[in-house]
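Since the structure comes first, as structure tokens, the remarks are kept for the end.
Numbering (our numbering), first residue to last: 33 to 263.
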């Protein structure tokens, strides 16, 4: 062990004091008392709880980032696949599942005439307008492509699923976007009654087929198909 020599005012003889102890003593004079090696539970538990709360909040924030679309602030395609699987395998009691795909009409023309920044703002406005129409906790809207969105919601009949889709369409039409005027979207809709089990990819393919048919019929319209039928 290394030692340091210090002088005493009362005696001429030197005291041999361990250097480690001397450094610790000097440090405590400048930085205050050190924490005990074993923190009492009464002191440590509140601090640990605060730290755990902070970590849990940060974990929730990171989980949200993974499933959130940066541009629109709604769920992204990754979450869409997960949520659709959950909805199809664990539907609300007594309610069917509606899957609605829609994209904006003439969105490329809007981008070309007003610029990509304006197009991005329009996508954000559409996403938020649709989100406000989906009020159940398990209902959601996701951005699944450039200007393509997917809404998943509960409905106890195809007629109610269709009315909900018409409400989403109306919310989009109420957006007034500069020189382009009213905004419109075309919808493809499928509905699964309670107890009918299909693979989520099959349901998505049926909704995509419905959207394809709607586009070829007329812009700004809705086509409803039975999700249980073959694609």
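For each residue, glycine too, the CB sits at the ideal point set by N, CA and C.
Paired residues, beta bridge with residue 172 - DSSP: 184
Local conformation of residue 296 per DSSP, three classes: There is no way to answer for residue 296, as the model of the chain reaches only from 33 to 263.
C-beta contact flag for residue 174 and residue 181 at 8 Å: Cβ atoms of residue 174 and residue 181: closer than 8 Å.
Alpha carbon of residue 110 to alpha carbon of residue 197, nearest angstrom: Going by the C-alpha atoms only, they are around 22 Å apart.
Per-residue burial, residue 221 [other beta carbons within 10 Å of its own, 16 or more giving buried]: Buried, since its Cβ has 16 or more Cβ neighbours within 10 Å.
Close-in-space but distant-in-sequence residues of the same chain around residue 64 (CB under 8 Å, 5 per side omitted): Here the model assigns residue 64 a pLDDT of 46, short of 50, so the residue's position is not dependable, and the following value carries that caveat. No residues qualify anywhere along the chain.
Reduced DSSP secondary structure (H/G/I, E/B, other) of residue 66: Per-residue confidence for residue 66 stands at a pLDDT of 48, beneath the threshold of 50, marking its modelled position as unreliable; the derived number appears in the next sentence. Correct three-state label for residue 66: coil.
Beta-carbon proximity list for residue 190, same chain, < 7 Å, skipping 5 on both sides: 223, 256
Cβ-based burial, residue 154 [other Cβ within 10 Å; buried from 16]: buried
Helix, strand or coil at residue 129 according to DSSP, with G and I counted as helix: strand
As assigned by DSSP and simplified to three states, the class of residue 158: Helix.
For residue 233 and residue 117, the rounded distance between their alpha carbons: 9 Å
Cβ-based neighbour list, residue 176, same chain, cut-off 6 Å, excluding 5 preceding and 5 following: 109, 112, 182
Through-space distance from residue 76 to residue 67, alpha-carbon basis: Bear in mind that a pLDDT of 46 at residue 67, under 50, signals an unreliable position, so the number given afterwards is only what the model happens to contain. Residue 67 and residue 76: Cα-Cα distance of roughly 11 Å.
Residue 286 versus 142, 229, 248, 80, residue with shortest Cα-Cα distance: Residue numbering for the chain in the displayed model covers 33 to 263; residue 286 lies beyond these limits and cannot be assessed.
First through last residue of the beta strand (DSSP E) which encompasses residue 219: 217 to 224
Pair within 8 Å by beta-carbon distance, residue 217 and residue 135: Their beta carbons are under 8 Å apart, which means residue 217 touches residue 135 by this criterion.
Buried/exposed call for residue 58, threshold 16 Cβ in 10 Å: No answer about residue 58 holds up, because its pLDDT of 42 lies below 50 and its placement is not dependable.
Residue 104 in three-state terms, based on DSSP: coil
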